[in-house]
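Q: Encoded as structure tokens, here's the structure I'll be asking about.
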Amino acid sequence: MNSFPLKIVTPDGLLFDGAAQELIVRTTSGDLGILAGHINCVAPLGMGQAMVLTDGKRRYAACIGGMVSVVNGQVTLVPTTFEWADQIDVSRAEASKRRAEQILQDRSATDTQIRLAEARLKRALVRKGAAQRK
Amino acid sequence: MAGVSTKEIKNRIRSMESTKQITKAMEMVAASKLRRAQAQVLSSRPYFEILYTAIRDIVGTNKEFSAPYLVKRPVKKSAYIVIAGDRGLAGGYNSNVFKQVMAQIQGKDAAVLPIGKKAVDYFKAHHIPVLTEANVFAEDVSIGDCFTMAKTLCKQYLAGEFDELYVAYTNFISVLSQVPETLPLLPLQYAQTEKAGGVQSDMLYEPDSTAVFEAIVPEYLGGVLYGALCESRASEQAARRTAMDSATQNADEMIGELSLQFNRARQAAITQEITEIVAGS
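Structural data, given as structure tokens:
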């Protein structure tokens, strides 16, 4: 299988720099799979799991926000947060999920609070989902 | 007479010594904070650089594009994000940034978004309109705050509240050298010659170009802001460390001079006493 250069970088640092055979990310308009020789393309990322196939091994991660771009074969993934499945703190995600659910059930919560809680709940679910796939 | 002067000198030495203790302590605190800030700068730099190149390539590849973020509007009002520190005693760190900003907004109708207590105070004292005072403490601004700020700024830009946006920060070159810089953020503009790299002009936008830019530009701004903030924080600690180091050295020098004076005065007093005794006998 042909491979392509992939860079994954977040504000916390360069997380991956090397050759990959396949990349699947969740964009705002659905899952996007990238193989070697992909056309130049940009897409904003949504919240979801990412999969990187490198050296014949599949690695999963929770990948939230940011963008993915392919320019002349160079694939760059610039998410806001990116956590490999084996590095996710499941208990933290669980706690975050519970807190968000509490706020959502609270009838006196304001619109902003509800919006924030929804986003938090979604992030927590993505993290939990990704952590189960390691 | 000589007794009074030795006492005075002694007092000055003592006060000098306590000053030295303070500057020494501040230097040590700055040095340990600097190490942390430096690590942060190093880890955030690749993000900053890759984000910048990615955006440059994307902007460079499309020609017929007319997104609001790319179009240059006649400049009526400018906005500057100014990143400075919360505290003084950091050499020229704060004033260098302010000087640069003041020189640039000369004659412009400009508003400022200050980050850091010193920046807020400075621009209020100079009667320059301040967009928001939400970020009084530069040390407490997190990456989440950067993204929220970027989103608000993009909205304001699209609403026409200002026509260009800059960020003024201090670039951390090394522990000994920090340079204030101003970076244009909006509208997005990149040298057209960059396209000579042979980037093909057809780019696939998923789902479409407007949606892509609407989602990416705030992210980009947030990332750049965070990068600038990291650079500035490291610069502040480095500047403070250098300033406090030279203050400690100056105090050392002064103490040396004063103790020489003190010993001389003491010796003079003794000599005088001996002369009086000899003369009296």
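Residue numbers (the working numbering), protein chains in the order written: chain Y, 1 to 134; chain U, 1001 to 1281. Every residue, glycine too, gets a C-beta built ideally from N, C-alpha and C. Since the structure is predicted, the reported quantities are computational estimates derived from the model, not experimental observations.
Under a Cβ-count criterion, where at least 16 other Cβ atoms within 10 Å of its own Cβ denotes burial, should U:GLN1040 be classed as buried or exposed?
A: Classification of U:GLN1040: buried, given that the 10 Å Cβ count is 16 or more.
Q: Going along the chain, which residues of its own chain have a beta-carbon closer than 7 Å to the beta-carbon of U:GLU1194, five neighbours each way excluded?
A: Caution applies to U:GLU1194, whose pLDDT of 46 falls short of 50 and renders its modelled position unreliable; the value that the coordinates give is listed next. Cβ neighbours of U:GLU1194 beyond the five flanking positions: ARG1056 and GLY1060.
Q: Please classify U:LEU1042 as buried or exposed, where buried requires at least 16 other C-beta atoms within 10 Å of its C-beta.
A: With fewer than 16 Cβ atoms within 10 Å of its Cβ, U:LEU1042 is classed as exposed.
Q: Chain Y partners of U:ILE1143, CB-CB under 7 Å?
A: Those are PRO11, listed as they occur along chain Y.
Q: Would you call the CB atoms of U:GLY1092 and U:LYS1118 closer than 9 Å?
A: Contact: no.
Q: Mind pulling the beta strand (DSSP E) runs of 3 or more residues that sit fully within the segment 1189-1255 of chain U?
A: DSSP runs (the beta strand (DSSP E)) wholly in the segment 1189-1255 of chain U: none.
Q: Using CA atoms only, rank isn't needed, just tell me which of U:CYS1146, U:ILE1058, U:ASN1263 and U:VAL1075 is closest to U:SER1209.
A: Cα-wise, what sits closest to U:SER1209 is U:ILE1058.
Q: Can you check whether the C-beta of Y:VAL52 is within less than 9 Å of a C-beta belonging to chain U?
A: Closer than 9 Å: no.
Q: What is the rounded straight-line gap between the Cα of Y:MET47 and the Cα of Y:ALA119?
A: Each residue's alpha carbon lies about 9 Å from the other.
Q: What residue ranges within the segment 24-91 of chain Y form continuous beta strand (DSSP E) runs of no fewer than 3 residues, ordered along the chain?
A: Fully enclosed beta strand (DSSP E) runs of 3 or longer: 30-35, 41-44, 47-54, 57-71 and 74-84.
Q: Under the assumption that U:ALA1030 contacts U:GLN1237 (Cβ atoms under 8 Å), give the Cβ distance between them as a whole number of angstroms.
A: Indeed they touch by this definition, with Cβ atoms about 5 Å apart.
Q: Can you tell me whether Y:ALA19 is helix, strand or coil according to DSSP?
A: Strand.
Q: So the alpha helix (DSSP H) Y:VAL126 belongs to, where does it begin and stop?
A: Per DSSP, Y:VAL126 belongs to the alpha helix (DSSP H) from 111-131.
Q: Using only CA atoms, which one of U:ALA1110, U:ARG1240, U:GLY1280 and U:ASP1140 lies nearest to U:ALA1025?
A: For U:ALA1025, the nearest C-alpha among the options comes from U:ARG1240.
Q: Please check if any C-beta of chain Y sits within less than 9 Å of the C-beta of U:ILE1081.
A: No - not a single Cβ of chain Y is within 9 Å of the one on U:ILE1081.
Q: Report the rounded CA-to-CA distance for Y:VAL90 versus Y:VAL126, giving the unit in angstroms.
A: If you take the alpha carbons of Y:VAL90 and Y:VAL126, they lie about 11 Å apart.
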